[in-house]
Amino acid sequence: MAALIDRAALGVGPSALFFEDLVEGREWVTPRRTITETDIVMFAGMTGDFNPVHTDEEFARTTPFGGRVLHGPAVFAIATGLEFRLGIKEGTALAFLGMEWNLKAPVRIGDTIHVFQKVQSARPTRNPERGIVNFWVEVRNQDGDVCQEGVWKVMFRTLPQPAG
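Position 89 of the sequence shown, counted from 1, bears residue number 122 in the working numbering, the numbering being contiguous throughout.
Okay, structure coming up:
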């Protein structure tokens, strides 16, 4: 029987996964979140991106979107928060190393989004205390449409080796 890991002593969350736990094909679905007017206003204020496709309903109605849409990077940022709520990276993810990301469809005020995530690949590094995991990630709306998708590359801690 494997020894139990003292998660508190290691500084990891109760649902955190180590590199060895992240096998190809393992998948998760996050909780959902409804997009609001406030999301657009706060992101515009924080970034200074007041493009009228986000902030001017009359202008946005004349675009192919037919109305205001949430900033693409805001959707990505919200997706990272939704994914964090899974708890699988709490104390075991060491670094977000990069992404390949595609914006497929607009996200509008009133849309409810969630994240589908699947381990695409995992490989150890030269350092036995770390491994790299590539996740296939999709942001889906309430109709199941994929709004954004791509690969997130994350460095994880490996399971601690017993002393001796």
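By construction, the Cβ of each residue, glycine as well, lies at the ideal position given by its N, Cα and C atoms.
Taken atom to atom, the span from the alpha-carbon of G120 to that of T67 is near 20 Å. When DSSP states are grouped into helix, strand and coil, P157 belongs to the strand group. Contact between V108 and V140 holds, since their C-beta atoms are separated by about 5 Å, short of 8 Å. In summary, K137 is exposed, with fewer than 16 beta-carbon neighbours lying within 10 Å of its beta-carbon over all protein chains present. If you look at L127, you'll find it in the beta strand (DSSP E) that goes 126–136. By the beta-carbon neighbour count (other beta carbons within 10 angstroms, threshold 16), Q194 is exposed. The C-alpha of V86 lies about 47 Å from the C-alpha of L192. Between T125 and V45, the CB-CB gap stays under 8 Å. Around the CB of R173, 16 or more other CB atoms lie within 10 Å, so the residue is classed as buried.
If you draw a straight line from the Cα of G99 to the Cα of A93, it is about 6 Å long. Sorting F83, D89, E123 by C-alpha distance to the C-alpha of A41 places E123 at the top. E162 and E116 have their C-alpha atoms spaced approximately 23 Å apart. Distance from the CA of V170 to the CA of V62, rounded to the nearest whole angstrom, comes to 10 Å. Look at V108 here: in three-state DSSP terms it is helix.
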